[in-house]
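J.: First to last, the protein sequences are chains W and A. Note that our numbering has the first sequence beginning at -4, numbered continuously upward. Note that our numbering has the second sequence beginning at 109, numbered continuously upward.
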Amino acid sequence: MAHAVASHHEDAHAHAPQSFLFKYIFSKDHKVIGIQYYLTAMFMALIAGALAMMVRLQLGWPTASWPMLEKIFPQSFAGGIMEPGFYTMLFTMHGTIMVFFVLSTAPVSGFGNLLIPLQVGARDMAFPFLNGLSFWTFFVGCIVILTSFFVGAGAAAGGWTSYPPLSALKGAVPGSETGQTFWIIGMVFFIASFTMGGLNFVTTILNLRTKGLSLLRMPLTLWAMFLVAVLGLLAFPALTAASLMLVFDRHFGTSFFLPAGIVLNNIPMVDGQGHSLHQGGSPLLWQHLFWFLGHPEVYILMLPALGFTSDIMSCFARKAIFGYKSMVGAMIAIATLSFVVWGHHMFISGMSPYLGMAFAVGTILIAVPSAVKVFNWLATLWQSRIQYKTPMLWALGVVSLFISGGLSGIWLGQSAVDIQLHDTYFVVAHFHLIMAGAALFGVFGATSFWFPKMFGRLMNDGLGKVHFWFTFVAYYCTFFPMHYVGIAGHMRRIYTLTEYKYLANLQPINQLITVSAFVLGASQLVFFVNFFWSALKGQPAGENPWGANGLEWTTPSPPPHGNWPGAIPEVHRWPYDYSVPDAPADHILQTDPAPIGEKKGH
Amino acid sequence: MPIDFLEAKRARHSGGAPALAADPARFGLWAFLGTVTMLFIGFTSAYILRRTSADWAPLAAPSLLWLNTAALLASSATLESARRRQTEASLTVLLRLVLATGLLGLLFAGGQLLAWRQLAAQGVFLASNPHSSFFYVLTGVHGLHLLGGLVWFAVVLARVRQLGHVPRHDVLGLFATYWHFLALLWLYLLLLLFVF
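This is the structure in structure tokens:
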């Protein structure tokens, strides 16, 4: 009885859908969904990048007039000068789109969907329908966020963290009106989509692994995806709860986050009898709930990049990853610690010093597993024959950014030091190097490495290297000097720096940063050309162009519907058997049953 | 040749790699319940913090809530009885039990709405005081999860009728897990809102 029903299910799924609509648009195939996520994130990155360019324009030349921009944005550049409200909207939406709709989406939802079934040896994700639904929910979220630029007084402008009261009082700033409402709706769609994805990730990785693929034989990318999904499932609900309460505060008169005695644009918020409209609420409550998500969220961005880096580095160093188990342990430690350090975003919010101390200690503890990872990467490179292909350059870039961004994290994690540096450009430098930069470089590395599994072709290596070097140098030139201006007191989110005498002499550095940012932005055009040209005209890749070991390299590029033309392969070893002594080739596929390689314990 | 999408799962059942849960659907459901739990932990922390403020005015529980609670627990009981007997009981009996579950669930949802109306009639609204805000929001979010369960319930019922038997995947078992979770969650919310 049960069997009859089961085979009915298989028949429905076994034949690849033929119509264009169901093959490429409303697909349930994880590879198509992964590419859909990736391309959408790429489009969102263009928007968010353009916003950043305008932020830099204002910071480089705060009082200049831009008649050309006035023609595009007649209201926001009245007289050619950027409106302050427009500026706050720019950095708010740059942060929101980049953090959630680009750097959470491309590595996790994009590469996670593309790679997880290929690396665990499954025909598809555990719940293919949920997976398709997840993408389209995300897509609606993107539309809502993009639409918010065109509603009423413009998009949200209260910072990507949406702190009340700016986000809770509709009249606070123009962006607090409809724009903020759209921000909340867009985020709800994003969270719903990420939750559906996360359920698929954990279930597929734990339940659909092929025969022989024990947990400690999984590629580190797979470990990263698993931990990211767990973080998402456990951390995002805090923001869901907070967003819901924010909606009630905004539209239904509750006081979850709003205290008594608010004066809005010089008018006290009171009713006819002089009673305060709101009372007893706590804006700090939002901060706690937001950062309970927000801190794990930065590891949602980071961890996939760390996984990609390990797998790419091992392949192009032709050497097993050093300290595999400590790599797994370090990622688990980082993911666990990320839940107990959110308070370090709130040191100056009036926190008990003892509580601050606890958060500071937890934060600095993260340096330990992070250092383990860096040590292992360096040890992997040690005495290896490095092949400097494009993916390897990005992997090395991730290590570089992880170190330089991580070191400033140790400064910021100490509550006493943070009081000076909080909300300055030092923080902007820190998180752009480690969270944004490492995640972005990880995505570029993964793109060039797994491109064959997306489109069956190789990306152009020459263009890839041009793109890497321009991006690498421009990235450091953009974000490294921000440490100096931050220490000098340059605050975040400031519209005109030159109005402060003690900061005015930093202006030349700001101009250098702006020019570097423009070079950084322009360099990305090389990537777009390379991506689309290679997808259509690139050199056919074949099954395993890099001589890598993972399961994804045992099937044609791109893999067919169902991932393997024949039976699902069985796994006999971990994916890091490179340059094994006495082996017939310099690498041994995970499916190779030969009794050599794989150290004991794996 | 059609591809066998479940072969990896079968291979494992016949002595392949160890799995943490035999059934992906069951594992996925528990993961979902985990994320729902975190949602209510988020609300709980907000509730505990907000309760310390000076303007907190405790609300008396509308007595209707106890009747609602009884209906929800009874619906859990009928569902559990169906789940335990799904192999031996006749389809008619199973359908009756599952239908009773759904009706009792609807009764609970209607009762919650009525409790809202009663409070509103006393002049206690969403924004009246922090306790009433939390009462409306928490019962509302719980109610939404319950309504989602009822939609699922309707799908299960339609499927059972269409197939003439309980489908594979232990659908009744999965549904029961979700439904019992909602009943426990409601007991927790009652304790949080009105006892502690």
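Think of the CB as a built atom: it goes at the ideal place given N, C-alpha and C, for glycine as much as any other residue.
Sorted by chain position, which residues of the same chain lie with C-beta nearer than 7 angstroms to residue 191(A)'s C-beta, five sequence neighbours on each side aside?
T.: 280, 281, 284
J.: In this structure, how does DSSP classify residue 262(W) when only helix, strand and coil are distinguished?
T.: strand
J.: Compute the Euclidean distance between the alpha carbons of residue 430(W) and residue 400(W), then round it to the nearest angstrom.
T.: 8 angstroms
J.: Looking at residue 433(W) and residue 474(W), is the spacing between their C-beta atoms short of 8 angstroms?
T.: Not in contact: residue 474(W) and residue 433(W) (Cβ atoms no closer than 8 angstroms).
J.: At a CB distance below 8 angstroms, what residues from the stretch 229 to 255 of chain A approach chain W? Give them in sequence order.
T.: 234, 235, 238, 241, 245, 249
J.: Note the first and the last residue of the continuous alpha helix (DSSP H) segment covering residue 326(W).
T.: 319 to 332
J.: If you draw a straight line from the alpha carbon of residue 193(W) to that of residue 56(W), how long is it in whole angstroms?
T.: Distance between the alpha carbons of residue 193(W) and residue 56(W) is about 43 angstroms.
J.: Using a 10 Å radius around the Cβ and a threshold of 16 neighbouring Cβ atoms, would you call residue 372(W) buried or exposed?
T.: buried
J.: How would you label residue 124(W), buried or exposed, when you count the other beta carbons within 10 angstroms and need 16 or more for buried?
T.: Counting of Cβ neighbours within 10 angstroms places residue 124(W) among the exposed residues, the total staying below 16.
J.: Is there a Cβ of chain A sitting closer than 8 angstroms to that of residue 197(W), yes or no?
T.: yes
J.: Closer than 6 angstroms by C-beta to residue 243(W): which residues in its own chain qualify, once you throw out the five before and the five after it? Chain order, please.
T.: 249
J.: If you measure between the beta carbons of residue 421(W) and residue 351(W), is that distance less than 8 angstroms?
T.: no
J.: Between which two residues does the alpha helix (DSSP H) harbouring residue 477(W) extend?
T.: 476 to 482
J.: May I ask you to report which of helix, strand or coil DSSP gives residue 488(W)?
T.: coil
J.: Does the Cβ of residue 166(A) have 16 or more other Cβ atoms within 10 Å, making it buried, or fewer, making it exposed?
T.: exposed
J.: At the level of alpha carbons, what is the spacing between residue 174(A) and residue 223(A)?
T.: 11 angstroms
J.: At the 8 angstroms Cβ level, is residue 274(W) part of the contact set with chain A, yes or no?
T.: yes
J.: Where does residue 582(W) fall in DSSP's three states?
T.: strand
J.: Anyone know if the C-beta pair for residue 325(W) and residue 364(W) falls short of 8 angstroms?
T.: yes
J.: Quickly, what does DSSP pair residue 271(W) with across the bridge? List them, please.
T.: According to the DSSP secondary-structure assignment, residue 271(W) is paired through a beta bridge with 265(W).
J.: Would you list, in chain order, the members of the stretch 214 to 233 of chain W that have their beta-carbon closer than 9 angstroms to a beta-carbon of chain A?
T.: Answer set for the stretch 214 to 233 of chain W: 224, 225, 227, 228, 229, 230, 231, 232, 233.
J.: To the nearest angstrom, how far is the alpha carbon of residue 567(W) from that of residue 245(A)?
T.: 52 angstroms
J.: Mind listing the chain A neighbours of residue 248(W)? Cutoff is C-beta to C-beta under 8 angstroms, in chain order.
T.: The answer, in chain order, is 234, 235.
J.: With burial defined as no fewer than 16 other Cβ atoms inside 10 Å of the residue's Cβ, what is the status of residue 213(A): buried or exposed?
T.: Burial call: buried.
J.: Give the DSSP-derived three-state secondary structure of residue 355(W) in the structure shown.
T.: helix
J.: Examine chain W for any beta-carbon lying closer than 8 angstroms to the beta-carbon of residue 143(A), and answer yes or no.
T.: Taking Cβ atoms only, chain W reaches closer than 8 angstroms to residue 143(A), which makes this a yes.
J.: Measuring alpha carbon to alpha carbon, tell me which residue in 31(W), 158(W), 54(W) is nearest residue 96(W).
T.: 31(W)
J.: Taking DSSP as the reference, what is the three-state secondary structure of residue 169(A)?
T.: coil
J.: Under 8 angstroms between C-beta atoms, does residue 182(A) make it to chain W?
T.: no
J.: Alpha carbon to alpha carbon, how far is residue 149(A) from residue 498(W)? Give it in angstroms, no decimals.
T.: 44 angstroms
J.: Rounding to the nearest angstrom, what Cα-Cα distance links residue 122(W) and residue 461(W) in this structure?
T.: 40 angstroms
J.: To which residues of the same chain is residue 552(W) closer than 7 angstroms at the C-beta, ignoring the five residues directly before and after it?
T.: Answer for residue 552(W): 447, 448, 451, 536, 537, 538, listed in chain order.
J.: Cutting at 6 angstroms between CB atoms, please list the residues of its own chain near residue 98(W), excluding the five before and the five after it.
T.: Counting only Cβ-Cβ distances below 6 angstroms, and skipping sequence neighbours, we find 296, 434.
J.: Since residue 250(A) is in the alpha helix (DSSP H), which residue starts that stretch and which ends it?
T.: 238 to 271
J.: Between residue 217(W) and residue 111(W), how many whole angstroms is the CB-CB distance? I'm expecting something under 8 angstroms.
T.: 7 angstroms
J.: Spatial neighbours of residue 134(W) within its chain, please: C-beta separation below 7 angstroms, excluding the five flanking residues on both sides.
T.: 35
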